[in-house]
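Each protein sequence line maps, in turn, to chains L and A.
Note that this note's numbering gives residue 114 to position 123 of the first sequence, counting from 1, and the numbers run on in steps of one.
Note that this note's numbering gives residue 68 to position 77 of the second sequence, counting from 1, and the numbers run on in steps of one.
Cβ coordinates follow ideal geometry from the N, Cα and C atoms, glycine included.
In this text the structure is predicted, and so the values were computed from the model without any measurement.
Down below is the structure, laid out as structure tokens.
2 protein chains.
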Amino acid sequence: MRTFERSLPMSLLKAREAVMKKFIPHLRAHDLSPQQWRVLRALYDSPAGLEMSALSERCFLLMPSLSRIIQNLAARELVMRRIAEHDQRCSIISLHAQGRRLVELMAPESEARYAHITTVFGYGKLELLYELLDELVEKLEAAEQEHHPSSHELLD
Amino acid sequence: MRTFERSLPMSLLKAREAVMKKFIPHLRAHDLSPQQWRVLRALYDSPAGLEMSALSERCFLLMPSLSRIIQNLAARELVMRRIAEHDQRCSIISLHAQGRRLVELMAPESEARYAHITTVFGYGKLELLYELLDELVEKLEAAEQEHHPSSHELLD
DNA sequence: TTTGACAATTTAACTTGTTAACTTTATGCT
DNA sequence: AGCATAAAGTTAACAAGTTAAATTGTCAAA
């Protein structure tokens, strides 16, 4: 059996934790979770607002999580929601003025921390890492389509 | 502001999700969460058993999560706990016979999926990815020590 | 127009992540 | 010995991840 240490999910998790540790104190100082910040950032880039499902995709959050997060952010008046005219089922979420100000207030510090990581790790390596991660996802998802896993016959 | 897409934590998360998707059906078929599996795997490699805190480190789980997971696995008779003689505060967790059998039953399929990922992505790239991830963690943690973050003065 | 399938979200229920508070046992100092 | 302090785990409380079921709105065909 492969040694326990070489676990890809765990290596990815550890790397993620190490990176997040650089951002979390800043977020916490403004009472935001990483997920809440992702939502605000995504909305900042889409001034017209986004439907829940679009937001869910961009922030890589499942709908139930997003639903709760939006309730929280709406209660804090950082975002607002309105119902789409074209389809009453859709809410359209957009940044409230206060939310916009918050993003603008926090962005410089956030960028600075990104810059710090880039410096420490090296620009080239960071780019390489992004490429490898993207390619890994791509290849795994391609493999998804092809042969629907053989193992299910045995196990499910 | 940097484009929202290039977010290192999110890229790492996506990669992790893509990888996990390959393993989760197999785990679910045996009623195990990824965390529970990590614990069983770690214990399999330490037949003498491990203290909670050692297990916590190896599985990269915080104590409260681990505590609950062990309660669950113990109830299912997959692991057992005894109190250390040298220090009454420490529990020592080890695999129950049934847990050992389960690991041995599941390992081949798990290895096969690993092999599949290696093939699809390429052995060299996978090794490179591991190295980059390790180095990233290392560099970020080194940076931790040096200059205790300047930002705290402003924000906390 | 009504039924029936489908789509967008929310709710529910349960597990895990996370921080802080608490319990019990060791250890070190005086 | 006697007391403060630290260490190992657990418990508590709440946010977030995850799956399934429920809710509400849309759309097309009978």
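C-beta neighbour in chain A for residue i, strict 8 Å
| i | result |
| --- | --- |
| Ile84 of chain L | no |
| Asp78 of chain L | no |
| Pro25 of chain L | yes |
| Met1 of chain L | yes |
| Asp36 of chain L | yes |
| Glu132 of chain L | yes |
| Tyr114 of chain L | no |
Within-8 Å CB hit, residue i to chain L
| i | result |
| --- | --- |
| Val111 of chain A | yes |
| Ala88 of chain A | no |
| Ile61 of chain A | no |
| Lys5 of chain A | yes |
| Ser11 of chain A | In the sequence as displayed, the identity of residue 11 of chain A is Met instead of Ser. Closer than 8 Å to some Cβ of chain L, the Cβ of Met11 of chain A qualifies, so yes. |
| Leu96 of chain A | no |
| Leu57 of chain A | no |
Interface partners of residue i on chain A, CB under 9 Å
| i | result |
| --- | --- |
| Val70 of chain L | Ordered by position in chain A, no residue passes the 9 Å Cβ test against Val70 of chain L, which lies about 16 Å from the chain. |
| Ile108 of chain L | Leu(-1), Leu127, Lys130, Leu131 and Ala134 |
Between the CA atoms of residue j and residue i - distance to the nearest angstrom
| i | j | result |
| --- | --- | --- |
| Tyr35 of chain L | Arg(-3) of chain A | 15 Å |
| Glu118 of chain A | Pro0 of chain L | 14 Å |
| Arg49 of chain L | Ala33 of chain L | 7 Å |
| Val10 of chain L | Leu46 of chain L | 23 Å |
| Ile163 of chain L | Glu135 of chain A | Residue 163 of chain L lies beyond the stretch modelled for chain L, which goes from -8 to 147, so this question has no answer here. |
| Leu123 of chain L | Lys116 of chain L | 10 Å |
| His143 of chain L | Pro16 of chain A | Interpretation of His143 of chain L is limited by its pLDDT of 35, a score under 50 that renders its predicted location unreliable; the figure taken from the coordinates is listed afterwards. Rounded to the nearest angstrom, the two C-alpha atoms are 8 Å apart. |
| Ile78 of chain L | Lys5 of chain A | Looking at the sequence itself, residue 78 of chain L is Asp, so the reference to Ile does not match. Going by the C-alpha atoms only, they are around 30 Å apart. |
| Ala106 of chain L | Gly40 of chain L | 28 Å |
| Ile83 of chain A | Gln89 of chain L | 52 Å |
Under 7 Å by beta carbon: chain A residues contacting residue i
| i | result |
| --- | --- |
| Ala33 of chain L | Phe(-5) |
Proximity of residue i and residue j at Cβ, strictly below 8 Å
| i | j | result |
| --- | --- | --- |
| Leu127 of chain L | Leu3 of chain A | no |
| Pro25 of chain L | Leu31 of chain L | no |
| Phe112 of chain A | Lys13 of chain L | no |
| Met43 of chain A | Leu57 of chain A | yes |
| Leu69 of chain L | His21 of chain L | no |
| Arg72 of chain L | Ile61 of chain L | yes |
Per-residue contacts from residue i into chain L (C-beta, under 7 Å)
| i | result |
| --- | --- |
| Val30 of chain A | By Cβ distance, chain L contributes nothing, its closest Cβ being about 11 Å from Val30 of chain A, past 7 Å. |
| Glu64 of chain A | Reading off the sequence shown, one finds Leu at residue 64 of chain A, where the question assumed Glu. Result: empty, since nearest Cβ-Cβ is about 17 Å, beyond 7 Å. |
Under 8 Å from the C-beta of residue i: neighbouring residues of chain L
| i | result |
| --- | --- |
| Leu123 of chain A | Lys116, Leu119, Leu120 and Leu123 |
Exercise for review: Give, in chain order, every unbroken run of the alpha helix (DSSP H) that is at least 4 residues long and sits entirely within the stretch 106 to 137 of chain L.
Suggested key: 114 to 137
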